[in-house]
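Chains as they are written, first to last, in this note's numbering: chain A, 879 to 1013; chain B, 879 to 1013; chain C, -8 to 395; chain D, -8 to 395. Note that CB positions come from ideal geometry on N, CA and C, so glycine has one too. Source: prediction; values computed, not measured.
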Amino acid sequence: MNIENITKKLSESHGWQAKYREIMLFGKQLPELPEALKVGSALVSGCDSKVWLYVDLDESAQQLVLIADSDTRIVKGLLAIIIAAYAGKTPEQASQFSAYTLFESLGLISHLSPSRGNGIRAIVDQIQMQANRLA
Amino acid sequence: MNIENITKKLSESHGWQAKYREIMLFGKQLPELPEALKVGSALVSGCDSKVWLYVDLDESAQQLVLIADSDTRIVKGLLAIIIAAYAGKTPEQASQFSAYTLFESLGLISHLSPSRGNGIRAIVDQIQMQANRLA
Amino acid sequence: MTDIHSLRDDFPILDKSLNGQPLCYLDSAATAQKPNKVIDVIKTFYQAENSNVHRGLHTLSKNATNRYEAARETIAKFLNVSAKEIVWTSGATESLNFLAHGLSQALNENSKIAISPFEHHANIVPWQEACKRTGAQLLVLPMLENGVLDEAGAISLLQTHKPDILSIGHVSNALGNIHPIESLIKACKTLGTKTVIDGAQSFMHLRPDLVALDCDFYVFSAHKALGPTGVGGLYGRYNLLNTLPVYKTGGEMIQEVTFAHSTYRDAPGKFEPGTPNISGVIGLAAAVDYLNNISPSALQRYERALYQSLLQQLNQIKGVTVYGDTQNNVGIVSFNYKNEHHYDLATLLNTYGVAVRSGHHCAQPLMNMLNVNGTVRASLAFYNNEADVEHFINALKATIELLD
Amino acid sequence: MTDIHSLRDDFPILDKSLNGQPLCYLDSAATAQKPNKVIDVIKTFYQAENSNVHRGLHTLSKNATNRYEAARETIAKFLNVSAKEIVWTSGATESLNFLAHGLSQALNENSKIAISPFEHHANIVPWQEACKRTGAQLLVLPMLENGVLDEAGAISLLQTHKPDILSIGHVSNALGNIHPIESLIKACKTLGTKTVIDGAQSFMHLRPDLVALDCDFYVFSAHKALGPTGVGGLYGRYNLLNTLPVYKTGGEMIQEVTFAHSTYRDAPGKFEPGTPNISGVIGLAAAVDYLNNISPSALQRYERALYQSLLQQLNQIKGVTVYGDTQNNVGIVSFNYKNEHHYDLATLLNTYGVAVRSGHHCAQPLMNMLNVNGTVRASLAFYNNEADVEHFINALKATIELLD
Ligand SMILES: Cc1ncc(COP(=O)(O)O)c(C=O)c1O
Ligand SMILES: Cc1ncc(COP(=O)(O)O)c(C=O)c1O
């Protein structure tokens, strides 16, 4: 799944229900995280739903590797979008990248609100932090 | 000074300034409390201005005796009104008496507001309490 | 007394649309909506009456002080207690912190504090902190398997442990259960246990008569009872209240201050340092005035009927599990659908204009005991109607279709 | 940027009359009046946007949360700090109690806390309580005879005693003095003394840049800065702030709660349990937005000129004594007339529509040092004008005539 694909699918879905249906389908394409990796240390805090996130660097390619999962279907779909956006970027590229602009253009900006229950913002912040650290 | 006199004078004064002028004149007629009696234990708490108050019973006449003073002219004048209203009453009469009604009829009810700085209410409450105790 | 059906018109927000749909507000347990009268009182206060209270001699200040103190009378009358037994706070959370601070001064390692398994975090964490400070032990009353308080078990636990304090919610915010606090308070009386009732969820729906209840303390939040945010209060039996230590200090609560030493006024004054939430207190009084114009029994009948209708329609949807006490309930349905996540349900319901809560409802320990990580919670108030219930049920059916 | 003279029209209360006279509001140090924009924001919130914040997934809740957190950014920007360094409280009094509670955990019998002689009770009593708990000693900086802080003496006292904490008002509410906190903070830096600035009276008039000031903590009240009652906050240098212990506990501030144990979030979240004063915070942000549209230098020039005019006319009245620093002043005249009682003066001024304060202004120790039992205080804001000054001076002359 790539971001062009995602953008296209979302722009073709009219109404929030259709958008969420697509988002949940994106989530279905995200591989499930092995139970062994669903550990507390990987949990992103500040989410009402559970989100496990691993951010790593492919040393040879100098590209970010992201693995994530959630116990909710919508957040998992949003994670799929985030991963599609960040995966394959170098840490430098990632730290320049604005998930806000992306979510804005996808019409999903409300998911980046500071509402604590949401946590998408916490996920993005955490990826940015790690990217900055690796950069 | 009696309450009829006071009522008359106040009803003849038009405007607040004139009323306060009268009230301050009432205060001037109130004998000054000897310094020796201006002690902390006689202070009515809850007044921004200092108010010393003594409530006693003339055993033979079974009438309330009130002595009071204040370091402000207006409060002293209001004390003069209160004393004129209560003095000579038996404790029973005093506990039935409503200073609120009196102040209402004199157009001075705002002085009985719960504003802490004011304290007239605290004075009246204290007299009532003592009257109830003596009754 | 007004017809309940017409009251909805007093709430301007209920006319709004959410996501292009008429708003279906089923989140009154989080915060209640405000009638025009309350909004107008606040607006008028700032437009024409605003002043600080107490030590002012000018007319604005006197008027504001009168309003502020009259509000204390209004709330006291509503709860059937004396004005001097009402302390203003910033809300139920602060009220509970104040009580946990004050009542724990007398505790030690041999002391015990009992709470129920249904408590909101605001009625758990302050007592945990008190236990940490004093060494006291926290006891949790037992629950039946169906998410209902085990009344007999609770009373027997109280009798066995004779705790110093019982602090319990009148109504569970997560499930809506009305707890049998009358019998618990009665038991506590004979044991010398002080009783604190968290009334955040009962103030508006049940309008408790505190003399009849005979509890020692009762806390509430204005915003859950048609009033503004940032204000609430507590009732305390005067002789107990007045002996509590001060929690916050500052201006207005003092008798005299020198650099060496300060003395404090009597309750409630000594517990209200600084400039209070004046417009908040006045707004709360307007909310209570509004409630006073509604017959309590009519209101409860109306809310109960609406709840039963909602519950019945919800139960007809296969795969729905409803938690808690559906007999004694103020009008909250807390549920899950199959294995779907409450987050997904609530997010999709929102696309249909339905405002519900999802999650642990600040009652994580209860969720653990119910073996769920959260629920969807739809909570009713008297300004909801059958159209809201229908709106919600239709949205839920559509949501389920999307998910299945 | 707006013309200061036209701003008065934004304040609806200033058109009202008091006792049949146009209102002459000279009590802004007690509480500031509110512009229409602030009133409208609060009204609109309750009419169309009201919802609880944080854990809600529905649109109303998200929007309210966004507004609430955006307000934190607004205030942070105003003070030139980061949003996460701002904690919302119910006002300056609560902020100071929070800090006295938190900072005193590290104190013992060898510790010292310094305050100034000008402090409001809110910046005295919480520290006295902290001293009682910990055995620490309260030091009072020296004052010059004319009611001005003895800057050199203060610095030397700080250097001699190296107190753990200096807590001092930026501006005296009783006298209007602007204290030389820059040099005191600088001295504290070299001594390892933590600095707490009571900004209740400086937030609106001086708009301090907290990076330039370099203080560790700064507290404020919304209602003294065009905002609503029942809300305020504090700034804390993040690393210091985040290590402070929690003061109140409850919902929203937690990470996880079990009956055995609870864990808390990071600052500022962990210091904000329960439902916050949502409309209050949003109203405060509207007030700051309003202030942001006024040039700070123009505002200060305007207020200074008005103050000088008031002071000069007041000084021309024989028998008037003005207290405090008339050079560095935000626009407060605190005075007495001969041996007349401030109560009589203020009561009579009120009959002319003039709203001033009288009394000890919650600064009893200062009054003792000035050898008075109180003063009359007229305090200005940018929405006052020369007509107010004239109104006041005429009323004072008439009052004096009545008394003489
Ligand atoms: C200098 C100063 N500090 C603290 C306070 C307390 O503020 P509040 O009453 O808003 O809590 C005031 C208010 O009078 C003040 O003027
Ligand atoms: C039962 C209960 N107790 C306490 C609280 C805390 O109230 P507040 O957030 O208004 O302080 C709530 C609010 O959710 C509640 O439902």
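Return helix, strand or coil for residue i, following the three-state DSSP convention.
i, result
"Ala165/D", "coil"
"Arg368/D", "strand"
"Ser253/D", "strand"
"Leu129/C", "strand"
"Glu100/C", "coil"
"Lys34/C", "helix"
"Thr312/C", "strand"
"Val248/D", "strand"
"Leu217/D", "coil"
"Ser889/A", "helix"
"Leu9/C", "strand"
"Leu986/B", "coil"
"Leu921/A", "strand"
"Val237/D", "coil"
Please name the residue, chosen from the options, that lies closest to residue i on a Cα-to-Cα basis.
i, options, result
"Gly218/D", "Tyr238/D, Cys206/D, Gly227/D and Phe194/D", "Phe194/D"
"Asp316/D", "Ser325/D, Tyr255/D and Arg348/D", "Ser325/D"
"Leu157/C", "Leu90/C, Glu100/C and Asn57/C", "Leu90/C"
"Ile881/A", "Glu910/A, Thr950/A, Leu980/A and Ser948/A", "Leu980/A"
"Ser349/D", "Leu175/C, Leu48/C, Leu290/C and Gly365/C", "Leu48/C"
"Glu377/C", "Glu136/C, Lys7/C and Cys15/C", "Cys15/C"
"Ser86/C", "Leu17/C, His252/C, Gly227/C and Ala278/C", "Gly227/C"
"Leu387/D", "Ala372/D, Glu331/D, Glu100/D and Ala165/D", "Glu331/D"
"Leu371/C", "Gln299/C, Leu182/C, Gly221/C and Thr220/C", "Gln299/C"
"Leu340/C", "Ile945/A, Ala939/A, Ile952/A and Lys967/A", "Ile952/A"
"Gly274/D", "Tyr314/D, Glu243/D and Val222/D", "Val222/D"
"Phe904/B", "Met1007/B, Ser948/B, Leu956/B and Leu990/B", "Leu956/B"
"Gly160/D", "Ala354/D, Ile4/D and Gln291/D", "Ala354/D"
"Tyr37/D", "Asn268/D, Lys153/D and Ala278/D", "Asn268/D"
"Glu247/C", "Gln307/D, His214/D and Asn364/D", "Asn364/D"
"Thr186/D", "Leu175/D, Gln192/D and His196/D", "Leu175/D"
"Ile1001/B", "Arg899/B, Ser938/B, Lys954/B and Glu913/B", "Lys954/B"
"Ala178/C", "Ala203/C, Leu201/C, Val202/C and Ser147/C", "Ser147/C"
"Leu182/D", "His152/D, Ala127/D, Gly82/D and Arg124/D", "His152/D"
Name the DSSP bridge partner or partners of residue i?
i, result
"Gly224/C", "Trp79/C and Phe211/C"
"Ala346/C", "Tyr16/C"
"Asp934/A", "Val943/A"
"Gly905/B", "DSSP output for Gly905/B lists no bridge partner at all."
"Leu140/C", "Met134/C"
"Ser948/A", "Val929/A"
"Phe326/C", "Val313/C and Val367/C"
"Asp189/D", "Gly160/D and Val210/D"
"Ile106/C", "Val131/C and Ser158/C"
"Asn426/C", "Examination of residue 426/C is not possible in this model, given that chain C is present from -8 through 395 alone."
Within the present structure, is the beta-carbon of residue i separated from the nearest heavy atom of ligand 4 by less than 8 Å?
i, result
"Val162/D", "Only ligand 1 and ligand 2 can be found as ligands here, which leaves ligand 4 out of the picture."
Cβ closer than 8 Å: which chain E residues qualify as neighbours of residue i?
i, result
"Asp934/B", "Reference to chain E is not applicable here, since the protein chains of this structure are A, B, C and D."
Members of the region 946 to 964 of chain B near chain D, C-beta cut-off 9 Å: Ser948, Asp949, Thr950, Arg951, Ile952 and Val953
Heavy atoms of ligand 2 versus C-beta positions, residues under 5 Å: Gly82/C, Ala83/C, Thr84/C, His111/C, Ala113/C, Gly160/C, Asn164/C, Asp189/C, Ala191/C, Gln192/C, Ser212/C, Gly265/D and Thr266/D
Contact list for the region 235 to 251 of chain C against chain B, Cβ threshold 8 Å: Glu243 and Gln246
Against chain A, which members of the region 304 to 337 of chain C pass a CB distance test of less than 7 Å? His332, Tyr334 and Asp335
Below 8 Å between beta carbons is the criterion; list the residues of the region 965 to 993 of chain A that meet it against any residue of chain C, in chain order. none
Give, in chain order, every residue of the region 140 to 157 of chain C whose Cβ lies closer than 9 Å to some Cβ of chain D. none
Residues of the region 887 to 910 of chain B whose Cβ lies closer than 9 Å to any Cβ of chain D, in chain order: Gly893, Trp894, Gln895, Lys897, Tyr898, Arg899 and Met902
Please name the residues in the region 0 to 29 of chain D whose beta-carbon is closer than 7 Å to at least one beta-carbon of chain B, in chain order. Asn10
Beta carbons nearer than 7 Å to chain D: which residues of the region 198 to 223 of chain C have them? Ser212, His214, Pro219, Thr220, Gly221 and Val222
At a CB distance below 7 Å, what residues from the region 343 to 362 of chain C approach chain A? Give them in sequence order. Gly350
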